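Protein chains in written order, with numbering that gives the first Met the number 0: chain A, 0 to 269; chain B, 0 to 253.
Step one of this worksheet: look at the structure below.
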Amino acid sequence: MSITPKPSITSILEQNLIMELAAKSRRVDGRSLTDYREIRIERGIIEKANGSAQVSIGKTKVMAGVKLELGEPFPDTPDEGVLTVNAEFTPIASPTFELGPPGENSIELARIVDRNLRESKAVDLKKLCITPGKKVFIVFIDINILNHDGNLIDASTYAALAALLNTKMSNFEVNDGEVIFKDGNQPLPMNNYPVPVTFAKIGRALMVDPQLQEEDIMSTRLTIGVDKDGCICAVQKGGMGELEPDDIRNAVGLAVEKSKELRTLIIGGS
Amino acid sequence: MIKGYPERLIDENGLRLDGRRPDELRPIKLEIGVLGNADGSAYIEQGKNKILVGVYGPREIHPKHAELPNRAVLRCRYRMAPFSTEERKNPAPSRREIEISKVIREALEPAVMSEYYPRTVIDIFIEALQCDGGTRCAGIVAASLALADAGIPMRDLVSSCSAGKAGGEIILDLFDLEDKYGDADMPVALMVNLNMITLLQMDGKLNPMEFEKAFTMAMEGCRKIRGLQVEALKKRYQGIVEREGTSEFDEEGT
């Protein structure tokens, strides 16, 4: 059951400040409406994973790890490998995260990351098939939120993409349907690099990369995923508010532009 | 080979697998007040989709700590019946159902005037009995009518419809095969009078121009559906007015 969440814990003074600044197209940390916080990406930090990356956007910190395993394909895609995304809101990341089974927010987050990767065909799943209908590689992407200061969707997708680009799979031969692993390794076959851009609507202003206080008081959230060809591959509106049709048109235009520089940053150095 | 895999989604006459034109909705049947016990209810058939929605509330909330001091809490569950699809669906709530419950609640929140009923809950139960694509949109259309039937004040009706791309064409109201084998699907919910979007999702691949075309087409679909919603409400309440012989309802019947 999805239930109206408790309101934010941001103080009324701060809320008023954010609202007043937004009306003048300004923000509490001095950024413009279209600026991201500083983004830092570290790759290959977990040696035991096939691929890993840690992304920080300002104080938000997210780690993604990739593990490869052999398994069975889905019956409707017998000749493709399997991609699964899971997100864990670890209680170290925020006083508001609780222990227990995954809630609707972590499920939504994982599904948005999944949608970006899957719909843009980021991983070449056809190349991960060993015996059609019987044996394929399964790509597990696990996302751990380490510190929550807003915009988990973008941070998690960037981390997942950077981790996939960092992934090494062992060289192998297929003999009679059996996989024989050999020395050396190869990168994971990749086709596309989806980059989501998330907006918050506060008052009448639409701003990218909301930090936690901004997320607490935003009426609506909008994520636009853009692939390497400048096409839209994933969209999700969130939050209890509403958007004008023109907000969406503006967001799409801005996301297409913004995603280019972000993509260079995520791919670069891997 | 997958059973029933379509060779092409649009034929040489520009018609779709079920014979519709690209911008044509499936036939829609709406009924209001179909459940005896619920405070409000509605039933929608859209093509092969069959969805029943029951609304309970405003009523006391359990557990008590979930209440809010300044407004009613909205609780929403979207559930697919195990027999609603080709393959049996496991009755345990899937991640997809959990996400859809959330986006439907968020699509209805802006419309409901929850501030009238502090410390209560409004429960919205959406039971998808047969699913053939676009069930979240159909669920929203019916839920919005069920809320109206429960007498809950709203700023506007929420109307919802999807658009997308299949066989190279931008099309309205995708059904299951077009959703599965098409290129993109974009569910939209619109409060028509306020011209405000309350639900927007998209998966697939659309360039910005195609996105704009599909988005506009989906909003147009929402406007058509709103007409049907108003008609259904009139039908339900004009009947009551005639039977009871009162003039409690205005000429619009809404």
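Where is the CB? At the ideal position from N, CA and C, for every residue including glycine.
For clarity, every value in this text was computed on a predicted model and none was experimentally measured.
Between Val33/B and Tyr42/B, the CB-CB gap stays under 8 Å. Nearest C-alpha to Asp226/A among Pro5/B, Cys221/B, Gly203/B and Leu24/B: Gly203/B. Taking Phe73/A as reference, the option from Thr89/A, Leu124/A, Val112/A and Lys120/A with the minimal CA-CA separation is Leu124/A.
Of all residues in the region 215-245 of chain A, only Leu221, Asp226, Asp228, Gly229, Cys230, Ile231, Cys232, Ala233, Val234, Gln235, Lys236, Gly237, Gly238, Met239, Gly240, Glu241, Leu242, Glu243 and Pro244 come within less than 8 Å of chain B when Cβ atoms are compared, listed by chain position.
Taken through DSSP and simplified to helix, strand or coil, Val240/B comes out as helix. Here the region 52-61 of chain A does not lie against the region 69-84 of chain A, with fewer than 3 beta-carbon pairs under 8 Å apart. Inter-residue distance for Arg262/A and Met190/B is about 35 Å (C-alpha atoms, whole angstroms).
For Thr83/A, none of the residues of chain B pass the 7 Å Cβ criterion, the least Cβ distance being about 10 Å.
For Arg225/B, the closest alpha carbon among the candidates Asp10/B, Leu24/B, Arg58/B and Lys88/B is that of Leu24/B. When the beta-carbon positions are compared, Ile140/A and Ala233/A stay at least 8 Å from each other.
For Val140/B, the enclosing alpha helix (DSSP H) has its first and last residue at Thr134 to Asp148.
Closer than 9 Å at the C-beta level to chain A, one finds these residues of the region 205-228 of chain B: Leu205, Asn206, Pro207, Glu209, Phe210, Glu211, Phe214, Thr215 and Met218. A distance of 8 Å or more separates the beta carbons of Leu171/B and Leu16/B. Straight through space, the alpha carbons of Ser83/B and Lys134/A are spaced by roughly 30 Å. Within 7 Å of the CB of Glu107/A, the CB atoms of chain B belong to Glu98 and Lys101, in sequence order along the chain. Taking a contact to require three or more Cβ pairs closer than 8 Å, the region 197-210 of chain A and the region 22-41 of chain A qualify as touching. Annotation: the continuous beta strand (DSSP E) that includes Gln185/A extends over Glu177 to Pro186.
With respect to chain B, the C-beta atom of Ser1/A has a partner C-beta closer than 8 Å. Counting along the chain, the unbroken beta strand (DSSP E) around Val72/B starts and ends at Val72 to Met79. The Cβ atoms of Gly50/A and Ala162/A lie closer than 8 Å to each other.
At the C-beta level, Ile2/A and Asn85/A stay beyond 8 Å of one another. DSSP lists Val65/A as the beta-bridge partner residues of Gly50/A. Assigned with DSSP and collapsed to three states, Val157/B falls in coil, not helix or strand. By the rule that beta-carbons nearer than 8 Å mark a contact, Met153/B does not touch chain A.
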